[in-house]
Amino acid sequence: MIRFLMVCVATLAIVGPGARAQSDAASSWVQIEAQPNLENGLRRAQTYARDLDDINGFALGGGWYAVLLGPYDPQQAEQVLRQYRSNGSIPRDSYIVAGSALQQRFFPPQTAVQPAAPAPVPVPQPLPVVPQPPVPVVQDVAPRVAPVILDDTPQTVAASPVGPEETTTQARQSERALTPQDRRALQTALQWAGFYTSTIDGAFGRGTRTSMAAWQTANGLTPTGVLTTRQRATLLQQYNALLEGLGLRRVSDTETGIELTLPTAVVQFDRYDPPFAQFTATAPDGPQVLLISQAGDAGTLAGLYEVMQTLEIVPLDGPRTLRRDGFELVGRNAQIISETRVQLSGGQIKGFTVVWPAGDEDRRARLIGQMQASFNRLPGVLDPAAGAAADQQIDLVAGLQIRKPRLSRSGFYVDARGTVVTTSDVVQSCSRITLDDETDATARVVDADLGIAVLTPAQPLAPPSVAQFSTTPPRLQSDVAVAGYSYEGVLDAASMTFGTLADLRGLNGESTLNRLNLTSLPGDSGGPVFDPAGGLLGMVLPRDGGQRQMPKDVTFALAGAAIMDVLAQADVAPTQAVAPQRQAPEDITARAVDMTVLVSCWE
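To get my numbering, take the position in the sequence shown, counting from 1, and add 4.
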């Protein structure tokens, strides 16, 4: 029997008279496990007391009863926790709690006294200018929906287990003592390990026995189909190892009206940005958690669903489902995997988002399951005015970065189906090409030598206007106008730039180029160039980014004839201007804005 005073000389010093003299409320305790009813709590306390001194049992509230070691001062508690974890006397998920978190003592029975209330701590007054927002209360107690780590089966196996291994007959006898919760926990662990695929019902039928035998074989054991006490502990230890170090604690946030288990060792509360409560990473490149809470109906839910997909933390690739009463969003890229689960009930929309580093899928999936199982809706939703309204920027939603394309340029419609001509630069190395941030498109023809690409929208469009190619020979020094998204989508519509036609050829005599006397910006590349009658004269090309820098008022355009040749390769018939005549600048502008489109390249 492993008695506390016989572990080692260092541990003897831990439990001296000084430790006993402390008040319960001011001391620290090592919580071993928690049970969902008094009967189980008393039984487990008695079991641990046979091997360990200093075993106590306290109610935690909410119908939970904890088995603990103590009381100690904080340093002593840390030593006890390390010592007993290392020799396997207590589960590895044991942790330290404060005496103030404990309620009525139930073990040992003769010492049933209430811990003294902690001394009041002065609360500093908030700053008068910027009041501090309320912070979710982190309760250092076991989750109310008990995961496997709270089952009666020991969660770890000592390096040198006491007593011989059980025979199959003895294993069946010890198995009969398992509660239904114990049995479901084992099936859950077998399912996680990939050996069990049936219902988690606690019934050990043929499917469960087969999975147990398969697990035994995979672990180099005799496949009897009946797990011994030691094997059950090993299976659960494997299952729980993934969650070690996450600091799973139940978090109660009255502001959002949400209570659930969170990995408090890797995320911490940061701020409220309605409808989100943001928990940021405690280390660089760590995970992130959002609690989602707002009033609304099915329409509000659908709006939130669309907004979430514009955020940088929700990558484009991944399954997503919208229902009238909720939605799920999964987005993944090379860096992160994001999962959002939201439910509408009683006019309240509540849920959570977990942003997790890529490459840690097993642990992420286990954590999501823990959070979903522990999710509890409290009264109320997050006040839309909660938090400090700081950092208001056009590319932020509720303090979160909107997903932005790698590159945005201009383009223009050339037929009634929505075919678009743009610069070839904007379609290079893209996982997705969009028109006006909404419609997916694919490249039908790309001619990098000419610098042009022809795009086909994923579904036919009905553009308000299409380009009409000029049939009048261009005249040197005539007026020209360029339409383009000069600021790469910051503005909702194309901008106009006016100048003159400086030459019908390039600097090296290229007949496919026109030289314009006007100043263009990178976002203008791919935009249409118009003559004085509003006919399409050409397409703006990117400025040379090489060592030779052109004067700022020198811009080159691909000539209209070259554009029509490329459209012929794409089987697109261009529209030509009929009876052209000079138009007012405002009329050209109206037509140009209708036919010009924002083309974006996404990674």
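Glycine included, C-beta positions come from ideal geometry on N, C-alpha and C. Predicted model only: the values in this text are computed from it and were never measured.
Length of the line joining the Cα atoms of residue i and residue j
i, j, result
"L382", "F283", "19 Å"
"E37", "R86", "16 Å"
"R586", "G538", "7 Å"
"D453", "Y417", "22 Å"
"L320", "K408", "11 Å"
"R96", "R236", "15 Å"
"A565", "A572", "11 Å"
"D205", "A285", "37 Å"
"S349", "A389", "22 Å"
"G422", "P361", "39 Å"
"R234", "L225", "12 Å"
"F379", "T265", "7 Å"
"T357", "Q374", "13 Å"
"Q481", "D569", "26 Å"
"D451", "I567", "10 Å"
"L612", "R519", "Any answer about residue 612 is impossible in this case: the structure gives the chain only from 5 up to 607."
"I341", "Q376", "17 Å"
"Q108", "Y88", "25 Å"
"A466", "D419", "9 Å"
"S27", "V84", "With a pLDDT of 36 at S27, under the threshold of 50, the predicted position of this residue should be treated as unreliable, and no value is reported."
"E170", "F208", "19 Å"
"A594", "Q405", "33 Å"
"A588", "M500", "13 Å"
"S104", "G65", "12 Å"
"T212", "S93", "29 Å"
"L182", "D57", "25 Å"
"G290", "T201", "32 Å"
"T258", "Q39", "25 Å"
"V425", "E332", "36 Å"
"N337", "D364", "13 Å"
"A581", "D591", "15 Å"
"Q79", "W33", "11 Å"
"Y52", "T221", "32 Å"
"P288", "V270", "10 Å"
"A63", "E607", "53 Å"
"R367", "E248", "10 Å"
"G67", "E310", "40 Å"
"E343", "P323", "10 Å"
"L315", "A302", "21 Å"
In DSSP terms, what residue i is bridged to
i, result
"E263", "S256, N380"
"C605", "L411, I437"
"N223", "Its beta-bridge partners do not exist; DSSP assigns none."
"W196", "Beta-bridge pairing links W196 to no other residue."
"Y69", "Q39, A63"
"I456", "T427, D451"
"Y99", "Q35"
"Y243", "According to DSSP, Y243 bridges with nothing at all."
"S202", "DSSP lists no partner for S202."
"D444", "T438"
"M375", "In the DSSP output, where bridge partners are listed per residue, M375 has none listed."
"L2", "Any question about residue 2 goes unanswered here, given that the chain covers just 5 to 607."
"Q174", "DSSP, once it has assigned bridges, lists no residue as partnering Q174."
"G342", "Gly is not the amino acid found at residue 342; the sequence shown has Ser there. Looking at the DSSP assignment, S342 forms a beta bridge with G335, V359."
"V270", "Paired residue(s): none; V270 is not in a bridge."
Within 8 Å, strictly: CB atoms of residue i and residue j
i, j, result
"I353", "V346", "yes"
"F473", "P584", "no"
"T516", "D483", "no"
"V544", "V558", "no"
"G530", "V430", "yes"
"D385", "Q292", "Asp is not the amino acid found at residue 385; the sequence shown has Val there. Not closer than 8 Å, so no."
"A447", "A462", "no"
"I59", "A81", "no"
"T427", "R436", "no"
"L540", "L371", "no"
"S469", "D329", "no"
"L42", "F110", "yes"
"T214", "G229", "yes"
"D535", "T460", "no"
Between the segment 525-541 and the segment 480-492, can you find at least three pairs of beta-carbon atoms closer than 8 Å?
Enough Cβ pairs lie closer than 8 Å, so yes.
Could you name each continuous beta strand (DSSP E) segment of 3 residues or more that falls completely within the segment 554-599, going from the start of the chain to the end?
Fully contained in the segment 554-599 are the following beta strand (DSSP E) runs of length 3 or more, in chain order: 558-563.
Is the segment 596-603 touching the segment 436-450, taking contact as three or more C-beta pairs under 8 Å?
Segments in contact, yes.
Counting only runs that start and end within the segment 454-538, where is the beta strand (DSSP E) found for 3 or more residues in a row?
If we require 3 residues or more, the beta strand (DSSP E) runs fully inside the segment 454-538 come out as 456-461, 483-488, 499-507, 517-521, 532-534.
Complete runs of the alpha helix (DSSP H) confined to the segment 273-335 [at least 4 residues]:
Runs of alpha helix (DSSP H) with 4 or more residues, each lying fully within the segment 273-335, are found at 302-312, listed in chain order.
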